[in-house]
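*Asks:* Dumping the structure here so I can ask a few things about it.
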Amino acid sequence: MEYFSTSDARKDHGVDFRRATLDGLAPDGGLYVPAQIQHVDSDEWSARTSLTPSELAVAMLTPYVAPSLSSDELAEVCSKAFSFDFPLVQIEEDIWSLELFHGPTLAFKDVGARFLAECMSRFSSDRETIVLVATSGDTGSAVANGFLGARGVETVILYPKDKVSPLQEKQFASLGENTTALAIDGAFDDCQSLVKQAFADHTLRESIALSSANSINVARWLPQSVYFAYAALKLDPEAPIVFSVPSGNFGNITAGIFATRCGLQVHRWIAALNANDVVERFLRTGNFEPRASTPTLANAMDVGNPSNIARLNYLFDHDFDALVNEVDARSFSDTAISNAIKEVHSKHGYLLDPHGATGWLALQATREAVAWPKGTQMVFAETAHPAKFGEAIRRHTGLDAPIPARLAAFAQREVRAESLKANYGAFRSWLSERFGHH
Ligand SMILES: *Cc1c(COP(=O)(O)O)cnc(C)c1O
Numbered sequence: 007m008e009y010f011s012t013s014d015a016r017k018d019h020g021v022d023f024r025r026a027t028l029d030g031l032a033p034d035g036g037l038y039v040p041a042q043i044q045h046v047d048s049d050e051w052s053a054r055t056s057l058t059p060s061e062l063a064v065a066m067l068t069p070y071v072a073p074s075l076s077s078d079e080l081a082e083v084c085s086k087a088f089s090f091d092f093p094l095v096q097i098e099e100d101i102w103s104l105e106l107f108h109g110p111t112l113a114f115k116d117v118g119a120r121f122l123a124e125c126m127s128r129f130s131s132d133r134e135t136i137v138l139v140a141t142s143g144d145t146g147s148a149v150a151n152g153f154l155g156a157r158g159v160e161t162v163i164l165y166p167k168d169k170v171s172p173l174q175e176k177q178f179a180s181l182g183e184n185t186t187a188l189a190i191d192g193a194f195d196d197c198q199s200l201v202k203q204a205f206a207d208h209t210l211r212e213s214i215a216l217s218s219a220n221s222i223n224v225a226r227w228l229p230q231s232v233y234f235a236y237a238a239l240k241l242d243p244e245a246p247i248v249f250s251v252p253s254g255n256f257g258n259i260t261a262g263i264f265a266t267r268c269g270l271q272v273h274r275w276i277a278a279l280n281a282n283d284v285v286e287r288f289l290r291t292g293n294f295e296p297r298a299s300t301p302t303l304a305n306a307m308d309v310g311n312p313s314n315i316a317r318l319n320y321l322f323d324h325d326f327d328a329l330v331n332e333v334d335a336r337s338f339s340d341t342a343i344s345n346a347i348k349e350v351h352s353k354h355g356y357l358l359d360p361h362g363a364t365g366w367l368a369l370q371a372t373r374e375a376v377a378w379p380k381g382t383q384m385v386f387a388e389t390a391h392p393a394k395f396g397e398a399i400r401r402h403t404g405l406d407a408p409i410p411a412r413l414a415a416f417a418q419r420e421v422r423a424e425s426l427k428a429n430y431g432a433f434r435s436w437l438s439e440r441f442g443h444h
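First residue of the sequence shown: 7, per our numbering; consecutive thereafter.
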């Protein structure tokens, strides 16, 4: 399969899956997308209902990684990335929670991060690849744990000093091995700016092979289509399915929509948003107007300029009417989020995290506003374990999120971070000393 940048309308510069993965962002600043979407008919989907997540991943992704990965290699990659379950938990007669948080760091990003790490370590055999990640907390742990021990890859995590929760910090700054945590004297934006400056520094990049584990990477994006298909295939094939996906950068939901474009039967996709409602406005008006993000309770979705909108437009061939026919977006305030957490807990004994709560709210709102076909099965993605946001949940609802053993184990560990000023000269020297060829 060839990949093209979303900014390359004439499809002049095709690359293979390996190149697209190593590049991350295309050189012209666009996002890589597959040249063709292969249609899978309904008989073939039905034949996949008994597959494990890892087997389903191989079936779905084979055409998109060939010839960069053989089917044996893909099977190995998938067995590592899809090594845990994706349970569908029924909350009401017609509503299910698709729990995506059973991975090593209790977040859905574990799937994409592990898939990417496995691919990158296979692709970078000739030269050590340095993966730079700026994080405000959550992405760092999924990426650092995903890349832990990956051969030929060194991971550098930049995070704002004293501005992430102690447990989050331990999840990515205590690992050692091929990961280094850099505590930056500044804000998240400073970390991101240092990473961007390094990517734009061509002289530096001649001596160091830099790459990114950001959600724009195709190898992080594509595997996320698999668990939506896995869930859909477990439900009643005769009744329509609606998916509600808590969204920030729109990587997760666009991956799901990609599966629909490959023929998976889904009635409608709803992007569930916090107060950052740029995409809700876009779907209502047709105007995509990025703005500065606002901090909210569901902070992994505090995004004012979602990068995967380019992929969303590509998936619908830039046909806005087709897009709004299949995709909806609903935004919710912090008050609505904390009320939903309290209500679902008292009514159903199920504890939502703030992100999953927007997914739940979006289903409630559309159930009232849209007449779904009879028997519609509504599924929201639970993107993180509530314990990861335990402090916020306690503060706003008084409820306690029990900490699972996997997360508690991190509390015992010691942070081993290096400190650096938010200054590009300092960061550049640090990179050259650590990884440059002298
Ligand atoms: C990253 C994240 C999201 C948003 O996912 P996108 O792919 O950026 O839309 C939602 N919930 C949680 C818990 C996350 O960490």
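Built from N, CA and C at the ideal position, the CB exists for glycine as well.
Quick one: give me the first and last residue of the beta strand (DSSP E) that GLN96 is part of.
*Replies:* 94-98
*Asks:* Between VAL39 and PRO229, what straight-line distance do the alpha-carbon atoms span, to the nearest angstrom?
*Replies:* 13 angstroms
*Asks:* What is the DSSP secondary structure of ASP191, counted as helix, strand or coil?
*Replies:* ASP191 falls in the strand class under three-state DSSP.
*Asks:* Helix, strand or coil for THR55, going by three-state DSSP, please let me know.
*Replies:* If DSSP states are grouped into helix, strand and coil, THR55 belongs with coil.
*Asks:* Just to confirm my understanding: we take PHE194, look at its own chain, exclude 5 residues before and 5 after, and list those with CB closer than 6 angstroms. What are they?
*Replies:* SER142 and PRO166
*Asks:* Between which two residues does the beta strand (DSSP E) containing SER217 stretch?
*Replies:* Counting along the chain, the unbroken beta strand (DSSP E) around SER217 starts and ends at 215-218.
*Asks:* Can you tell me whether DSSP reads SER425 as helix, strand or coil?
*Replies:* Strand, per DSSP.
*Asks:* For LEU358, which of CYS125, ASP29 and ALA390 has the nearest alpha-carbon?
*Replies:* ALA390
*Asks:* Please work out which residues of its chain come closer than 7 angstroms, Cβ to Cβ, to ALA328, disregarding the five sequence neighbours upstream and downstream, and give them in chain order.
*Replies:* Take ALA328, set aside five residues on each side of it, and the residues of its chain with a beta-carbon closer than 7 angstroms to its own are PHE322, in chain order.
*Asks:* Going by the CB atoms, is the gap between ALA278 and SER299 shorter than 9 angstroms?
*Replies:* no
*Asks:* Does the distance from the C-beta atom of ILE214 to that of ILE136 stay below 9 angstroms?
*Replies:* yes
*Asks:* Using beta-carbon positions only, say whether ASP100 and MET384 come within less than 9 angstroms of one another.
*Replies:* yes
*Asks:* Tell me the rounded alpha-carbon separation between ASP340 and SER199.
*Replies:* Looking at the two C-alpha atoms, the distance is approximately 28 angstroms.
*Asks:* Is the beta carbon of ILE163 less than 9 angstroms from the beta carbon of SER425?
*Replies:* no
*Asks:* Buried or exposed: PHE288, going by 16 or more other Cβ atoms within 10 Å of its Cβ?
*Replies:* Buried, because 16 or more other Cβ atoms sit within 10 Å of the Cβ of PHE288.
*Asks:* What three-state label does DSSP hand PRO408 in the structure shown?
*Replies:* Of the three classes helix, strand and coil, the one that applies to PRO408 here is coil, per DSSP.
*Asks:* Suppose you measure from the CA of PHE121 to the CA of GLU8; what does that come to, to the nearest Å?
*Replies:* 19 angstroms
*Asks:* Please report the distance separating the alpha-carbon of GLN174 from that of GLN42.
*Replies:* Just so you know, the alpha carbons of GLN174 and GLN42 end up roughly 39 angstroms apart.
*Asks:* For PHE234, which three-state DSSP category applies?
*Replies:* helix
*Asks:* Measuring CB to CB, does ILE343 end up less than 9 angstroms from PHE256?
*Replies:* no
*Asks:* Are HIS351 and LEU405 closer than 9 angstroms when you measure CB to CB?
*Replies:* In this structure, LEU405 lies closer than 9 angstroms to HIS351 by Cβ.
*Asks:* Taking only three categories from DSSP, how would you classify TRP275?
*Replies:* strand
*Asks:* Can you tell me whether ASP144 sits near ligand 1, meaning its C-beta is under 8 angstroms from at least one heavy atom of the ligand?
*Replies:* yes
*Asks:* Taking contact to mean 3 or more Cβ pairs, one atom from each stretch, closer than 8 angstroms, check whether the region 106-122 and the region 150-162 are in contact.
*Replies:* yes
*Asks:* Which stretch, first to last residue, makes up the alpha helix (DSSP H) that contains TRP481?
*Replies:* Not covered by the structure: residue 481. The range shown for the chain is 7 to 444.
*Asks:* Can you list, in chain order, the stretches of the beta strand (DSSP E) that have 3 or more residues and sit fully within the region 349-415?
*Replies:* 383-388
*Asks:* Thinking C-alpha only, which one of ARG128, LEU241 and VAL421 is nearest PHE23?
*Replies:* ARG128
*Asks:* Helix, strand or coil: how does DSSP classify PHE249 here?
*Replies:* strand
*Asks:* What's the call for LYS176, buried or exposed, on a 16-neighbour Cβ count within 10 Å?
*Replies:* buried
*Asks:* I'd like to confirm the pairing. Which residues does DSSP put opposite SER199 in its beta bridges?
*Replies:* None; SER199 has no bridge partner.
*Asks:* If you scan the region 9-71 from start to end, which runs of the alpha helix (DSSP H) of 4 or more residues do you find wholly inside it?
*Replies:* 23-29, 48-52 and 59-71
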